[in-house]
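To start, the structure under review is shown below, and the notes come after it.
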Amino acid sequence: MCFYKICLLLAFTFSNASVIAQDRSKHGIDQLAKKAFKQGFWLAKYPVTQREWTALMDSTPFAHHKNGRKKTYLKAVDGLDTSRFPAEQISREGTKAFLEKMNSSANREKIDQVFGKNFNFCLPYEDEWEYACRGGLGNNRAFYWGSVLNGDKANCNGQTPYGTKTQGPFVGHPTLVGAYKKRRRILGACAI
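Next comes the structure, spelled out in structure tokens:
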């Protein structure tokens, strides 16, 4: 079993609504609601890769893979080693099965050794995910680097809703809490 690098995010207070006035008014939110989390939580430092998924699940449900489900993507990955690409196109049921295997009795001794008894891998709650995406700064800004998404801090086309610069090579820049690629680059699942 591969053990993933994980980050401990300490106790925090978090505003669970968008700080961007236009987003708040669009959804009828007047005030930012604060939530306090008395305990920290663990979060994977990186998204699960195709190699890690395949080693545990023995399947390749990904679009960006040489055996991918979506033939339209095959040309884009032709000749590439996609083993370090994020595992994407995973259903909620698939995610649950992955976590069950991670926490299985076959892996229990190693998990207990590394993380202590009663530790289980699980999906983050939505508030935890949002907190991590914003680099531990709570909801005081749209992104952990500020309020502008224009392609100079993340791999995006920067056209909606925040800007127009071209994509940049920013997969190697972590958030302030040390987590990588958490800003919905691959649609994240949360335990709600």
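When the letters of the sequence shown are read in order and numbered with mature numbering (1 follows the signal peptide of the UniProt record, and there is no 0), they come out as residues -17 to -1, 1 to 175.
Note that CB positions come from ideal geometry on N, CA and C, so glycine has one too.
| field | Local Cβ density within 10 Å of Cys(-11), reported as buried at 16 or more and exposed below that | value | The sequence position of residue -11 within the sequence shown is 7, counting from 1. Buried, because 16 or more other Cβ atoms sit within 10 Å of the Cβ of Cys(-11).
| Who are the near neighbours of Tyr145 in its chain, counting only those whose CB is closer than 7 angstroms to its CB and skipping five residues on each side? | Residue mapping note: residue 145 aligns to position 162 of the sequence shown, counting from 1. Summary for Tyr145: the model assigns pLDDT 42, below 50, so the residue's position carries little reliability; its value from the coordinates is reported in the next sentence. Answer for Tyr145: Val131, Leu132 and Asn133, listed in chain order.
| said: One question on the structure: do Ser66 and Arg34 come within less than 7 angstroms of each other, judged by their Cβ atoms? | reply: In the sequence shown, residue 66 corresponds to position 83, counting from 1. In the sequence shown, residue 34 corresponds to position 51, counting from 1. Their beta carbons are under 7 angstroms apart, which means Ser66 touches Arg34 by this criterion.
| task | Starting from the N-terminal side, write out each stretch of the alpha helix (DSSP H) that is 4 residues or longer and does not extend beyond the region 45 to 125. | result | Runs found: 57 to 60, 75 to 85, 88 to 98 and 109 to 116.
| field | Among Asn50, Glu92 and Trp128, the one whose alpha carbon lies nearest that of Phe102 | value | Residue 102 sits at position 119 when you count from the first residue of the sequence shown. For the residues Asn50, Glu92 and Trp128, the minimum Cα distance to Phe102 belongs to Glu92.
| task | Pull up the CB-CB distance for Tyr108 and Cys116, whole angstroms please, since I reckon it's below 8 angstroms. | result | What you label residue 108 is simply residue 125 of the sequence shown in a count that begins at 1. What you label residue 116 is simply residue 133 of the sequence shown in a count that begins at 1. Wrong, their Cβ atoms sit about 13 angstroms apart, outside the cutoff.
| task | Could you name the residues of the same chain whose beta carbon sits closer than 6 angstroms to that of Thr149, not counting the 5 residues immediately before and after it, in chain order? | result | Numbered from its first residue, the sequence shown carries residue 149 at position 166. No answer about Thr149 holds up, because its pLDDT of 40 lies below 50 and its placement is not dependable.
| query | How many Å lie between residue 262 and Lys28 at the Cα? | reply | Outside the shown range of the chain (-17 to 175) lies residue 262, about which nothing can therefore be said.
| Closest by CA to Asp64, which one among Thr32, Pro44, Leu(-9) and Tyr114? | As a working note, residue 64 is residue 81 in the sequence shown. Closest option to Asp64, Cα to Cα, is Thr32.
| query | Leaving out the 5 sequence neighbours to the left and right, which residues in its chain are closer than 8 angstroms to Lys(-13) when beta-carbon positions are compared? | reply | Numbered from its first residue, the sequence shown carries residue -13 at position 5. When the five nearest sequence neighbours on each side are left out, the beta carbons in the same chain lying within less than 8 angstroms of the beta carbon of Lys(-13) are those of Ala27, Lys28 and Tyr29, in order along the chain.
| What did DSSP end up calling Asn43 once you bin it into helix, strand or coil? | Residue numbering aside, residue 43 sits at position 60 when the sequence shown is read from its first letter. Residue identity check: residue 43 is Thr in the sequence provided, not Asn. DSSP places Thr43 in coil when its eight states are reduced to three.
| Taking the alpha-carbon positions, what's the His48 to Lys79 distance? | For the purposes of this step, residue 48 is taken as the residue at position 65 of the sequence shown. For the purposes of this step, residue 79 is taken as the residue at position 96 of the sequence shown. One C-alpha to the other measures close to 22 angstroms.
| Does the distance from the C-beta atom of Ala(-7) to that of Gly23 stay below 7 angstroms? | The count along the sequence shown starts at 1 and reaches residue -7 at position 11. The count along the sequence shown starts at 1 and reaches residue 23 at position 40. Cβ atoms of Ala(-7) and Gly23: closer than 7 angstroms.
| Integer-rounded CB distance, given that Ala46 should sit under 8 angstroms from Gln72 | As a working mapping, residue 72 is identified with position 89 in the sequence shown. As a working mapping, residue 46 is identified with position 63 in the sequence shown. That pair is a contact at about 5 angstroms.
| Trp25 lies in the beta strand (DSSP E); which residues open and close that run? | Numbered from 1 along the sequence shown, position 42 holds the residue referred to as residue 25. Element bounds for Trp25: Phe24 to Ala27.
| query | From which residue to which residue does the beta strand (DSSP E) around Leu(-10) run? | reply | Counted from its first residue, the sequence shown places residue -10 at position 8. Per DSSP, Leu(-10) belongs to the beta strand (DSSP E) from Ile(-12) to Leu(-9).
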